[in-house]
Every structure is written in structure tokens, then in C-alpha cells.
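Heads up: the structure comes next, in C-alpha cells.
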Amino acid sequence: MANELNGFDIQEILKLLPHRYPMLLVDKVIDYKAGEYLHAVKNVTANEPVFTGHFPEQPIFPGVMILEALAQATGLLGFKTVENRSENELYLFAAIDNARFKQPVLPGDTMNLHVDFVKERRNIWKFYGEAKVDGKVVCSAEIMCARREL
């Protein structure tokens with residue numbers, strides 16, 4: 000029996016995340032299972048605003064932006080996991096541990112963002128995330144988010 004993917008498009012992402020251009024860093028979700036994992040995609044294009052300064056002659060997508068993309072993916076997984084959440088609820092960065100950068104991300108790359116739910120305790124959620132390009136890990140980190148009502 001074929002494994003059916005359970006993804007969603009940019010319209011659903013915009014409903015869930017408060018981020019907008021140029022800080023929205025998830026283009027689509029390929030697959031997810033509430034409370035377990037999420038696989039999303041970020042297409043890195045040459046016209047990203049960050050490349051005007053990082054670095055104009057040899058553009059490299061900043062590591063902090065890769066971590067932000069992973070964090071947004073964890074937020075999407077969190078929102079899809081919690082039932083009956085408030086409209087004023089957000090997931091905010093609480094910590095990043097053991098971040099590792101293996102190779103640069105360049106214009107034209109497609110980053111596959113893989114996040115796994117690890118645990119939740121007192122509205123602090125822990126995730127493990129990896130960003131991959133062409134099947135190779137470019138960044139990995141443990142990400143903690145605080146579930147808060149604003």
C-alpha cells in the first residue's frame with residue numbers, strides 16, 4: 000500500500016504563521032504527522048533580500064536564517080499538533096542547542112526542513128531539526144519553543 004503524503008500549501012502556512020515576506024522562510028509542507036514530524040521546503044532564490052549584504056560577490060544563505068526556517072517548521076508542527084488552540088497563540092524561540100553547520104546553502108538550493116517532536120513539558124516544546132540540500136545535512140540543531148498566548 001502506498002504511503003500518502005499529508006502536506007499543505009503556502010495558504011495554510013500563512014494562516015498558521017505570523018511571518019510575512021521577507022521573514023517567511025517556509026514555502027510548503029510536504030508531509031507531517033501531528034505530534035511526531037514535519038517535512039517542509041524552503042526554495043532559496045538569488046533574489047532573497049539577504050543576499051544584497053551576505054555576501055554580494057559570493058552569496059551564502061546565513062546560518063541564522065536556516066535556523067529560523069527550522070524554527071518556523073517547528074511552529075507549524077506545533078500548531079498542527081495542538082487542537083483547540085487560541086488565535087493569539089504563538090511558538091517563540093526558547094533555546095537552540097547543538098547547532099551545527101555542515102556546508103553552505105547557496106542561491107538555487109532547495110532546503111528540505113525536517114523537524115521531529117521530542118517532548119513537551121509545561122508549554123516548552125523540544126524538537127530536533129535538520130536542513131538538507133540534495134539529501135545532505137547542511138544544518139542540524141535542537142530547538143526549544145515556548146507556547147505562549149499573546
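Mapping of the sequence shown onto numbering that gives the first Met the number 0: residues 0 to 149, in sequence order. Glycine included, every Cβ here is placed at the ideal spot set by N, Cα and C. Since the model is a prediction, treat every value here as computed from it, not as a measurement.
query = Under 8 Å, do residue 45 and residue 106 count as touching if we go by C-beta distance?
reply = Here residue 45 refers to the residue found at position 46 when the sequence shown is read from its first residue. Here residue 106 refers to the residue found at position 107 when the sequence shown is read from its first residue. Yes, Cβ-Cβ distance for residue 45 and residue 106 is below 8 Å.
Which residues DSSP lists as bridging residue 139, in chain order = The sequence position of residue 139 within the sequence shown is 140, counting from 1. Residue 139 pairs with 99, 129.
request  = Please name the residue or residues paired with residue 43 in a DSSP beta bridge.
outcome  = Along the sequence shown, read from residue 1 onward, the residue named residue 43 stands at position 44. Beta-bridge analysis with DSSP links residue 43 to no other residue.
key: Cβ pair count under 8 Å reaching 3, the region 35 to 50 against the region 7 to 27   = When Cβ pairs closer than 8 Å are counted between the two stretches, the region 35 to 50 is seen to touch the region 7 to 27, the count reaching three or more.
query = For the beta strand (DSSP E) that contains residue 29, what are its first and last residues?
reply = Here the question's residue 29 lines up with position 30 in the sequence shown. Bounds of the beta strand (DSSP E) holding residue 29 are 27 to 32.
message = If we define contact as Cβ-Cβ less than 8 Å, is residue 135 a contact residue for chain C?
response = Absence of chain C from the displayed structure is noted, only one protein chain being present.
ask   = Which partner residues does residue 36 have in the DSSP bridge list?
value = Start at 1 with the first residue of the sequence shown, and residue 36 comes out as number 37. Answer is 32, 115.
inquiry  = Using C-beta distances below 8 Å, list every residue in its chain close to residue 66, excluding the 5 sequence neighbours before and after it, in chain order.
reply    = The sequence position of residue 66 within the sequence shown is 67, counting from 1. The residues are 95, 98, 138, 140, 142.
ask   = For residue 117, which residues of its own chain have a beta-carbon under 7 Å away from its beta-carbon, when the five flanking residues on both sides are left out?
value = Position 118 of the sequence shown, counted from the first residue, corresponds to residue 117. For residue 117, the CB contacts under 7 Å within the same chain, skipping 5 residues up- and downstream, are 125, 126, 127 in chain order.
ask   = For the alpha helix (DSSP H) that residue 63 lies in, which residues bound it at each end?
value = By 1-based counting over the sequence shown, the position of residue 63 is 64. According to the DSSP assignment, residue 63 belongs to the alpha helix (DSSP H) that extends over 62 to 80.
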